[in-house]
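Heads up, the thing below is written out as structure tokens.
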Amino acid sequence: MYEGKFPHKRYKLTSQFVEKHLSKSETILDLGVANPFTQVLLNKGYQVKNTSGEDLDRDTSVIENDDATVVTAFEIFEHLLSPLTVLEAIKADKLVASIPMRLWFAPAYRSKNDMWDRHFHEFEDWQFDWLLEKAGWKIIARKKWTNPTKKIGIRPILRWFTPRYYIVYAERI
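The number in our numbering is simply the position in the sequence shown, starting from 1, with 4 added.
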């Protein structure tokens, strides 16, 4: 899944953000298939179930019919053509969502091997905030962080101080 680049920093900071804003007594529907971060949350005592790889642009019934108290979406919305539809379909009153931020010095991500692993949207923080507000969510907390690499070059240097990830905790208005 990560092609030798396991996201230790991202998982650590995401986990800390979740622990700060969610109770372990809440039930979580995590958008996207089960992944290594699902296991991190389960190991910490959270009650998590994942979607099964449905095309959420075309069918939001799994979201609409779920009774979870929280929905999480970690690096999911940038893959959707219509994230507004998905955000509006959520019945839970709480949302924790993160996105990789648009990098002005890099093109949109596109895997050559996996058709699902492509970014249709490359959000700036204000764009993601606006999307959430338009879908009926109020942002309660937010955090950004960088993603430095150990490579040499201009892009790797810029990654030391340009925020790469953005996470929010929001509640339904």
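Each residue gets a CB set at the ideal place from its N, CA and C atoms; glycine is no exception.
For residue i and residue j, which I take to be in contact (beta-carbon distance under 8 Å), what is that distance rounded to the nearest angstrom?
i    : j    : result
M105 : Y170 : 5 Å
L46  : V52  : 6 Å
I67  : V100 : About 15 Å; that fails the 8 Å criterion.
W130 : I177 : So it is not a contact: roughly 18 Å between Cβ atoms.
E82  : H125 : 5 Å
K148 : F21  : Going by Cβ atoms, the distance from K148 to F21 rounds to 11 Å, so no, they are not a contact pair.
L107 : T55  : Going by Cβ atoms, the distance from L107 to T55 rounds to 27 Å, so no, they are not a contact pair.
T73  : E30  : 4 Å
So if DSSP puts residue i in a beta bridge, which residue, or which two residues, is it bridged to?
i    : result
I171 : S102, K147
K142 : E175
Just to confirm the assignment, what range does the alpha helix (DSSP H) spanning residue i have?
i    : result
L45  : 40-47
K53  : It is not in any alpha helix (DSSP H) - K53 instead sits in the beta strand (DSSP E) that spans 51-54.
T18  : 12-25
V66  : 65-68
P152 : P152 -> no alpha helix (DSSP H), and no H or E assigned at all.
F81  : Neither: F81 is in no alpha helix (DSSP H) and is coded neither H nor E.
W130 : 129-138
V90  : 87-93
Whose C-alpha, out of the options, is nearest the C-alpha of residue i?
i    : options                : result
T150 : I161, N69, D63, A174   : I161
K154 : R168, A145, K147, W164 : W164
S102 : S86, Q43, A174         : A174
V172 : T42, K28, L135         : L135
D121 : K138, R146, G57        : G57
P40  : I143, S19, L26, K28    : S19
D97  : P87, K13, L26, L17     : L26
L84  : T64, N69, D71, N117    : T64
E128 : K116, I156, R168       : R168
E137 : K116, P87, P152        : P87
Which stretch, first to last residue, makes up the beta strand (DSSP E) that contains residue i?
i   : result
V75 : 74-78
D34 : 31-34
Counting only C-beta atoms, is residue i closer than 8 Å to chain C at any point?
i   : result
I67 : No chain C appears in this structure, which consists of one protein chain only.
*Indicate whether the contact test is met: 3 or more Cβ pairs, each with one atom in the segment 77-87 and one in the segment 27-45, closer than 8 Å.*
Contact holds: three or more Cβ-Cβ distances are below 8 Å.
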